[in-house]
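Participant: Before I ask anything, here is the structure I am working with.
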Amino acid sequence: MMDTIKVFSPGSVTNLSCGYDILGFCLDKVGDTIIVKKIPEQGLRISSIDKYDLPLSIDENVAGIAAKAMISEVKISHGLDIKIEKGIKPGSGIGSSAASSAGTVFAINKIIGSPFSNRELIRFAMEGEKYVSGSYHADNVSPILLGGITLVRSVKDLDIIKLPNPKDLIATIIRPEIEIKTSDSRKVVKSKVTIDKMVRQSANLAAFISSLYTEDYNLMSNSIVDEIIEPDRALLIPEYYNIKQISLKAGAIACGISGSGPAIFSLSKSDKVANDILDKMSSHFDNVNINYNGFVSKINSEGVKVID
Ligand code: HSE
Numbered sequence: 085m086m087d088t089i090k091v092f093s094p095g096s097v098t099n100l101s102c103g104y105d106i107l108g109f110c111l112d113k114v115g116d117t118i119i120v121k122k123i124p125e126q127g128l129r130i131s132s133i134d135k136y137d138l139p140l141s142i143d144e145n146v147a148g149i150a151a152k153a154m155i156s157e158v159k160i161s162h163g164l165d166i167k168i169e170k171g172i173k174p175g176s177g178i179g180s181s182a183a184s185s186a187g188t189v190f191a192i193n194k195i196i197g198s199p200f201s202n203r204e205l206i207r208f209a210m211e212g213e214k215y216v217s218g219s220y221h222a223d224n225v226s227p228i229l230l231g232g233i234t235l236v237r238s239v240k241d242l243d244i245i246k247l248p249n250p251k252d253l254i255a256t257i258i259r260p261e262i263e264i265k266t267s268d269s270r271k272v273v274k275s276k277v278t279i280d281k282m283v284r285q286s287a288n289l290a291a292f293i294s295s296l297y298t299e300d301y302n303l304m305s306n307s308i309v310d311e312i313i314e315p316d317r318a319l320l321i322p323e324y325y326n327i328k329q330i331s332l333k334a335g336a337i338a339c340g341i342s343g344s345g346p347a348i349f350s351l352s353k354s355d356k357v358a359n360d361i362l363d364k365m366s367s368h369f370d371n372v373n374i375n376y377n378g379f380v381s382k383i384n385s386e387g388v389k390v391i392d
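So the sequence shown is numbered by my numbering: it starts at 85 and just counts up by one.
Next up, the structure:
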């Protein structure tokens, strides 16, 4: 039996414009590293988080909250020490809290002999999301724990569907250096939609799902559209519509807000186009004197993994 485990828990992009709170995909190399160690004293402790001044208290940290929910359902004869190395800045729109909470429950599960499947871990990881955003949503934690692209049909029944991951699809992420709290970004979302918008959004969502199965990139391009959330959240993100226009002109299949922002995702079919999009968006942010951070990522089919 191992006494220490180290895992890499990647970032994730959610909503994908047409699937608010239900669609998400897993990123590749950007993420948190989590080390869990068995200790003789009972209970859970977070002994270090390397940056961003995040709380170490179990009841105030997303990883601690997820771990506590999980541990309450198993019997273990030792305690657990958690160390988190943050590779994702909180409030960036690529699932910082989800990477910590999903990675922590995944690591604990492995070290205690895997009593839960990765699918079952979604329930615990989601407790961290509830704490930080005010509502249960599993669109970030699902692709981290299951890999690839996922659809959350129901958080109540935890009915999560794994979707095909078209082999050529590649993401470009750019994030202006501002922080948007998920809870604030959720407050700008209107609680009511008109029936005509509902009809168009469901048509786009259905068409997007179909495009993943058929690898029809034209259909994908036409269906990654958001008439409901984007207009309100775009106001929180500097240069959003200019960046989107630059991305589409540079050959992106689609471009939209990643999760609750400020990160912006683009999808394309080749490394070359993905990097070209990154260069052009970067030049624009340079020209308007906005600090940013950007990268290109495959859609990671594996998800969270043990690295040591
Ligand atoms: N679907 C969520 C949102 C993801 O857009 O608010 C944020 O973590």
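All C-beta atoms, glycine included, are put in the ideal place defined by N, C-alpha and C.
Since the model is a prediction, treat every value here as computed from it, not as a measurement.
For S294, tell me which candidate among A255, K271 and P248 has the shortest Cα-Cα distance.
Facilitator: What you label residue 294 is simply residue 210 of the sequence shown in a count that begins at 1. Nearest option by C-alpha distance: P248.
Participant: With a threshold of 8 Å, are at least 3 pairs of Cβ atoms found where one atom belongs to the segment 99–107 and the other to the segment 137–154?
Facilitator: no
Participant: Do L235 and G387 count as a contact pair if the criterion is CB distance below 9 Å?
Facilitator: Here residue 387 refers to the residue found at position 303 when the sequence shown is read from its first residue. Here residue 235 refers to the residue found at position 151 when the sequence shown is read from its first residue. No, Cβ-Cβ distance for G387 and L235 is not below 9 Å.
Participant: Going by beta-carbon coordinates alone, are V273 and I313 separated by less than 9 Å?
Facilitator: Here residue 273 corresponds to residue number 189 of the sequence shown, with the count starting at 1. Here residue 313 corresponds to residue number 229 of the sequence shown, with the count starting at 1. Less than 9 Å divides the Cβ of V273 from the Cβ of I313.
Participant: State the start and end residues of the unbroken beta strand (DSSP E) segment that holds S181.
Facilitator: The sequence position of residue 181 within the sequence shown is 97, counting from 1. Here S181 belongs to no beta strand (DSSP E); instead the alpha helix (DSSP H) covers S180 to I195.
Participant: With a threshold of 6 Å on Cβ separation, who are the neighbours of T88 within its own chain once the five nearest residues in sequence on each side are excluded?
Facilitator: Walking along the sequence shown from the start, residue 88 turns up at place 4. Once the five neighbours on either side are set aside, the close Cβ partners of T88 are K121.
Participant: Taking DSSP as the reference, what is the three-state secondary structure of G171?
Facilitator: Residue 171 sits at position 87 when you count from the first residue of the sequence shown. Assigned with DSSP and collapsed to three states, G171 falls in coil, not helix or strand.
Participant: Quick one: give me the first and last residue of the beta strand (DSSP E) that S132 is part of.
Facilitator: Within the sequence shown, the letter at position 48 stands for residue 132. For S132, the uninterrupted beta strand (DSSP E) run begins and ends at L128 to I133, by DSSP.
Participant: Below 9 Å between beta carbons: does that hold for K353 and I254?
Facilitator: Along the sequence shown, one-based indexing puts residue 353 at 269. Along the sequence shown, one-based indexing puts residue 254 at 170. Yes, Cβ-Cβ distance for K353 and I254 is below 9 Å.
Participant: Straight-line CA distance for D165 to I119?
Facilitator: Indexing the sequence shown from 1 puts residue 165 at position 81. Indexing the sequence shown from 1 puts residue 119 at position 35. For D165 and I119, the distance between alpha carbons rounds to 8 Å.
Participant: Below 8 Å, is the gap between the Cβ of T266 and the nearest heavy atom of the ligand HSE?
Facilitator: Numbered from its first residue, the sequence shown carries residue 266 at position 182. Yes, the Cβ of T266 comes within 8 Å of a heavy atom of the ligand HSE.
Participant: Using the Cβ count rule (16 or more neighbours within 10 Å means buried), how would you classify Y376?
Facilitator: Within the sequence shown, numbered from 1, the residue matching residue 376 stands at position 292. Result: buried.
Participant: At a cut-off of 8 Å, would you count G343 as near the ligand HSE, judging by its Cβ distance to the nearest heavy atom?
Facilitator: By 1-based counting over the sequence shown, the position of residue 343 is 259. Result yes, Cβ under 8 Å from the ligand HSE.
Participant: Considering only heavy atoms of the ligand HSE, does any lie closer than 8 Å to the CB of T278?
Facilitator: Counting from one through the sequence shown, the residue named residue 278 turns up at place 194. False, no ligand heavy atom lies under 8 Å from that Cβ.
Participant: Mapping the DSSP letters down to three states, classify I313 as helix, strand or coil.
Facilitator: In the sequence shown, counting from the first residue as 1, residue 313 sits at position 229. Three-state DSSP puts I313 in coil, outside helix and strand.
Participant: Locate the beta strand (DSSP E) running through I123, then write down its first and last residues.
Facilitator: Translated into the one-based positions of the sequence shown, residue 123 becomes position 39. Start and end: L107 to I123.
Participant: Is the beta carbon of E211 within less than 8 Å of some heavy atom of the ligand HSE?
Facilitator: Your numbering for residue 211 matches position 127 in the sequence shown. Residue side-chain check: E211 keeps its Cβ at 8 Å or more from all non-hydrogen atoms of the ligand HSE.
Participant: Hey, K194 and V390: beta-carbon distance below 9 Å or not?
Facilitator: Residue mapping note: residue 194 aligns to position 110 of the sequence shown, counting from 1. Residue mapping note: residue 390 aligns to position 306 of the sequence shown, counting from 1. Yes, they are a contact pair.
Participant: Could you tell me the distance, in whole angstroms, from the CA atom of D310 to the CA atom of G127?
Facilitator: Looking up residue 310 in the sequence shown gives position 226. Looking up residue 127 in the sequence shown gives position 43. Going from the Cα of D310 to the Cα of G127 covers about 45 Å.
Participant: Return the first residue and the last residue of the beta strand (DSSP E) that P95 is part of.
Facilitator: Taking the first residue of the sequence shown as position 1, residue 95 is located at position 11. It is worth fixing the name first, because residue 95 is Gly in this sequence and not Pro. Per DSSP, G95 belongs to the beta strand (DSSP E) from T88 to T98.
Participant: For I262 and S176, what's the separation of their Cα atoms in angstroms?
Facilitator: For the purposes of this step, residue 262 is taken as residue 178 along the sequence shown, with counting starting at 1. For the purposes of this step, residue 176 is taken as residue 92 along the sequence shown, with counting starting at 1. Looking at the two C-alpha atoms, the distance is approximately 8 Å.
Participant: Kindly say whether L107, judged by its beta-carbon, lies nearer than 9 Å to any beta-carbon of chain B.
Facilitator: Although the question refers to chain B, the structure presented lacks it and comprises just one protein chain.
Participant: Got a sec: does the ligand HSE put a non-hydrogen atom nearer than 8 Å to the Cβ of T98?
Facilitator: Counting from one through the sequence shown, the residue named residue 98 turns up at place 14. The answer is yes for T98.
Participant: Per the contact definition of three or more C-beta pairs closer than 8 Å, is the segment 215–229 in contact with the segment 238–252?
Facilitator: yes
Participant: Look at A347 and I233 and say whether their C-beta atoms are less than 9 Å apart.
Facilitator: The residue given as residue 347 occupies position 263 in the sequence shown. The residue given as residue 233 occupies position 149 in the sequence shown. No, the Cβ-Cβ distance between A347 and I233 is not below 9 Å.
Participant: I want to check one thing, is the minimum distance from the CB of H221 to the heavy atoms of the ligand HSE below 8 Å?
Facilitator: By 1-based counting over the sequence shown, the position of residue 221 is 137. At least one heavy atom of the ligand HSE is nearer than 8 Å to the Cβ of H221, so yes.
Participant: Output needed for T266: all residues of its chain with C-beta closer than 7 Å, excluding positions within five of it in sequence on either side, in chain order.
Facilitator: For the purposes of this step, residue 266 is identified with residue 182 of the sequence shown, where counting begins at 1. Taken in chain order, the residues that qualify are V216, S217 and S344.
Participant: Quick check: the Cα distance between L332 and M304, rounded to an integer number of angstroms?
Facilitator: Working through the sequence shown from its first residue, we reach residue 332 at position 248. Working through the sequence shown from its first residue, we reach residue 304 at position 220. Going from the Cα of L332 to the Cα of M304 covers about 13 Å.
Participant: Take L140 and list the residues in its own chain whose beta-carbon comes closer than 6 Å to its own, dropping the five residues that flank it on each side.
Facilitator: As a working mapping, residue 140 is identified with position 56 in the sequence shown. Closer than 6 Å at the Cβ level, and outside the excluded window around L140, lie I130.
Participant: For A287, is the beta carbon positioned less than 8 Å from some heavy atom of the ligand HSE?
Facilitator: Numbered from its first residue, the sequence shown carries residue 287 at position 203. No, the Cβ of A287 stays beyond 8 Å of every heavy atom of the ligand HSE.
Participant: If I follow the unbroken beta strand (DSSP E) through G378, where does it start and stop?
Facilitator: Your numbering for residue 378 matches position 294 in the sequence shown. Looking at the DSSP string, the run of the beta strand (DSSP E) that includes G378 is Y376 to K382.
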